[in-house]
């Protein structure tokens, strides 16, 4: 059954009857309506970012506000509270283990990469696990949505909207002072939000949890300490080696031809054109407009052939995740990526680990050469591979390479915690930013636009978001280790243009679960241990040790 | 104020306070929400017809159904009934005339074409007229929506959807029998709908009223009798004259270049690219996604250069109407075209009366020649003008010329009345169709696909829709007579590429009123008399008398 009916399929329904099950059914109907409205809101948003005429913007905001209030009603009504009460004893966290009707509860596919349709069917996610996850996520959503009072929701939305405008103006004018009062307001509202959401003394926990559910600041801090040391060491050694040549990329690459190869790559990676689209927008994004409608956008820089293509691969990674959620979860709160970190692990694995591998370009460089015969004539695979993996400390996070990227994130993670805790004032932020940039990256911004004002996130109050970017790399590297073990032929297949087994592995181990399993559970189930940054550091050392001959 | 707030602007609010006014305000809030949801549904629909990936179709239907039920709730709740009760004594049809605060109640601009911003402001539609129209239309909507029971709504929607599929399959297979049982069902449901909506003995009145509000079958019948005689006479005389040459149009015209001139024409006619878009779809349409977001689509036939361009002009006419509604009506039920007939008068005036005039091509033929230099080299204005106005009885309504078009409509008007009344059975329909085609047009379909199965309308139960197409031509010609009198320089301006005064006249006399004035009122107010088909017959005789030298 599709999501059209707005409720989970009968197959996923519990079989043991009773009041809890009829309450569960009603909860699913309300949840299904919220889901349809969320997808409707996504259509409005996609349209706004791609094709909407300029003067439609004000009414569109009204359409969105109405939809958001309808969604909010369906997630937070008293009836939802009552229903959650009725199902908690049966499916809640402290409930006794239920009947595990198919006997596969939680066990993951140990035989790995050879997943085919028959195996997938055999291993369907158990009803019990789905029902428990559904109640857990509805409960979490209900608690979070009802704890934030309407007054605070409104104030946050309004300040975020105005803050974003102020940030854009401040960045254009390179004037931090224009943005400062908004940053102060947004910090205060975020502290208030953290306090109503609840925490054990560290407000950052409550904010981080909005983007990386169930993650703890202390764990991230520990992981980032190891990551930081590893990155600083590697960047230092790379800095002493001769730089790779990228001069062959200094050319002009018409956008239409960039788009044509982007479309070929998307299709080859398994992105079904009947379930999505590629369009252009100011900032690349992926959005879910339906269980079978996940669209991406990109942008092309004619001076930089790799930018549009790698951003397409990145967004394709996000889209494949959303499209890979099990049918039985469609139309429910469980039918989406489980955390921003896991989402980012999918986009970054495809973009960097696969998309910037020598094997990938063994297959694709001939196509790129045919697409741009004048520009890329005579460029060897080795030269190309080294060129697209150039490492160099720079000022702008979104343009950073795979190695230095993590340092940009760590900087922001440390600064936003200090801001939130009151250990750093907004007055002192630009100085602290520049100091950290010097220490971690060895470069110092010449102005605010290339420094503290470069990112949009804080301007709409998204404190706690940044770490998910780096967590994505760490998850990806840890998953990759298992993939390589379970699919020894994986890289040869990539070189032959065959990534189907990789996608099948990701679907079977990650995608199909949607939000059923948290990020932490996925990592434990797949790799047998908690998140460990050494996999990523090892990966970088191997790859860049070879590229830079260090 | 924009529609974003979901309610009429404070300027349009009544000033006399009291219970009726607070009820009116609440009614407007509910109406404003319904309007935002309708526009949201239009975004979903536009996306579905243009860019949506194939597999999204099933969930999209679920999203649409949910929106429709939310809209229905807002239009038909008991609260709406109570509010209407409270405002009726003050603004209802039998209410005493209210305070006419700006003194302009209903008076139309007698000095015509020179409308400028200052004049338009002076002549703002009176609050009293707006409030009365608002209550009238909300009341009408409430009555119609509450009279049709939920069971019938569902059955109609389902049968329409399945009927449309059956029709498409029947047309492909050229097998009328596949469609026949659906037509029978749809006729029965339409009879039932007419009976619950209410009528004075003629069910067709109730159905026609859904598309051409406040129109009466008897009036349309009388008007069409005159029209029929005039058309048959003119078609007969044209048939005896030598046919015009169109051989220069037999060529190949690349779609991209057709699109480029379509965009130039749209812009020149005053369609603001910041308030709309042109895209491609299987069937051209216009849709309102917001008060400042009215989009059109077209399709290009590389063998027929005129088809895509005239369809663009046609849809531009519809879009200009919707975009011309007064700001004070935005976000309300009054902010749309008042009837399908008046809507069609706008599209057909721009497409045929202006777009197929000699003056229009005096201005545009040079551009078309530059766009297709190889294809149109040496084609004179006279040859082109006569070629695009070729009259010839043919089988397919949507491909018919301006003269024979009305006969296609009259045929359907007569047949659907006979079907509904039970004077004609679905078994006898194909024979009756062919007989009428022979009598009225002198041609007989060789198969069902070019005959009784050619139009989609009946397949979703739209009986009463067809006459609005021909009414559009009649309204347009009657308006044109006044325009030519009030703007004696009008055609010289068209030849110079200046259509701004025409648009200003249409805005001032028609567009800005939205649904405030019914079709009948508009015609009376603008032309000083009821609808009279002789204007259209005179127009055709003048134009085609010259082209065919008869």
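Residue numbers (this note's numbering), protein chains in the order written: chain A, 5 to 554; chain B, 5 to 554. The beta-carbon is built from N, C-alpha and C at its ideal position, and this holds for glycine as well.
Classify residue i as buried or exposed, calling it buried when 16 or more other Cβ atoms lie within 10 Å of its own Cβ.
i             : result
residue 42/A  : buried
residue 34/A  : buried
residue 307/B : exposed
residue 185/A : exposed
residue 296/B : buried
residue 36/A  : buried
residue 554/A : exposed
residue 514/A : buried
residue 217/B : buried
residue 58/A  : exposed
residue 533/B : exposed
residue 360/B : buried
residue 86/A  : exposed
residue 251/B : exposed
residue 477/B : buried
residue 319/B : buried
residue 148/B : buried
residue 80/A  : buried
residue 194/B : buried
residue 287/A : exposed
For residue i, decide whether its Cβ has a neighbour in chain A, counting only Cβ atoms nearer than 8 Å.
i             : result
residue 481/B : no
residue 280/B : yes
residue 121/B : Residue confidence for residue 121/B is low, a pLDDT of 42 falling below 50, so the modelled location carries little weight and cannot support an answer.
residue 40/B  : yes
residue 425/B : no
How about residue i: is its C-beta nearer than 8 Å to some C-beta of chain B?
i             : result
residue 275/A : no
residue 169/A : no
residue 37/A  : yes
residue 72/A  : no
residue 468/A : no
Show which residues of chain B have a CB atom less than 7 Å away from the CB atom of residue i.
i             : result
residue 47/A  : 47, 48 and 51
residue 31/A  : Near residue 31/A there are no residues of chain B at all, since even the closest Cβ is about 17 Å away, more than 7 Å.
residue 294/A : 60, 63 and 64
Could you list which residues in chain A have their beta carbon closer than 8 Å to that of residue i, in chain order?
i             : result
residue 297/B : 56, 57, 59, 60, 63 and 64
residue 291/B : What residue 291/B touches in chain A: nothing, since even the nearest Cβ is about 12 Å away.
Just to make sure I have the definition right: I need the residues of chain B whose C-beta is within less than 8 Å of the C-beta of residue i. Which are they?
i             : result
residue 421/A : Within 8 Å Cβ-Cβ: nothing; residue 421/A doesn't reach chain B, min ~37 Å.
Residues of chain A with a CB under 7 Å from the CB of residue i: which are they?
i             : result
residue 230/B : Result: empty, since nearest Cβ-Cβ is about 42 Å, beyond 7 Å.
residue 67/B  : 40, 43 and 44
Report yes or no: is there a C-beta of chain D within less than 8 Å of the C-beta of residue i?
i             : result
residue 199/B : Going by chain labels, chain D is absent from the structure shown, which instead holds the protein chains A and B.
Problem - Contact set between the segment 201 to 218 of chain A and chain B, restricted to residues whose Cβ is under 7 Å from the partner - result: none
Handout entry: Stretch-stretch touch, CB-based, cutoff 8 Å, three pairs: the segment 336 to 345 of chain B with the segment 127 to 144 of chain B
Key = yes
Problem - Under 9 Å (Cβ pairs) to chain A, residues found in the segment 49 to 62 of chain B - result: 50, 51, 54, 55, 56, 57, 58, 59, 60, 61 and 62
Handout entry: Stretch pair the segment 60 to 75 of chain A + the segment 306 to 326 of chain A: three plus CB contacts closer than 8 Å
Key = no
Problem - Segment contact, 8 Å Cβ cut-off, at least three pairs: the segment 483 to 492 of chain B with the segment 420 to 438 of chain B - result: no
Problem - Segment contact flag, the segment 493 to 503 of chain B with the segment 188 to 207 of chain B, C-beta cutoff 8 Å, min 3 pairs - result: no
Practice task
Flag this pair as touching only if the segment 460 to 479 of chain B and the segment 237 to 247 of chain B have three or more C-beta atom pairs under 8 Å; answer yes or no.
Solution key: no
Problem - the segment 403 to 412 of chain B contacting the segment 440 to 454 of chain B, beta-carbon criterion three pairs below 8 Å - result: Yes: the two stretches touch, three or more of their Cβ pairs being nearer than 8 Å.
Exercise for the section: Report yes or no: do the segment 341 to 354 of chain A and the segment 522 to 536 of chain A share at least 3 C-beta pairs separated by less than 8 Å? Expected result: yes
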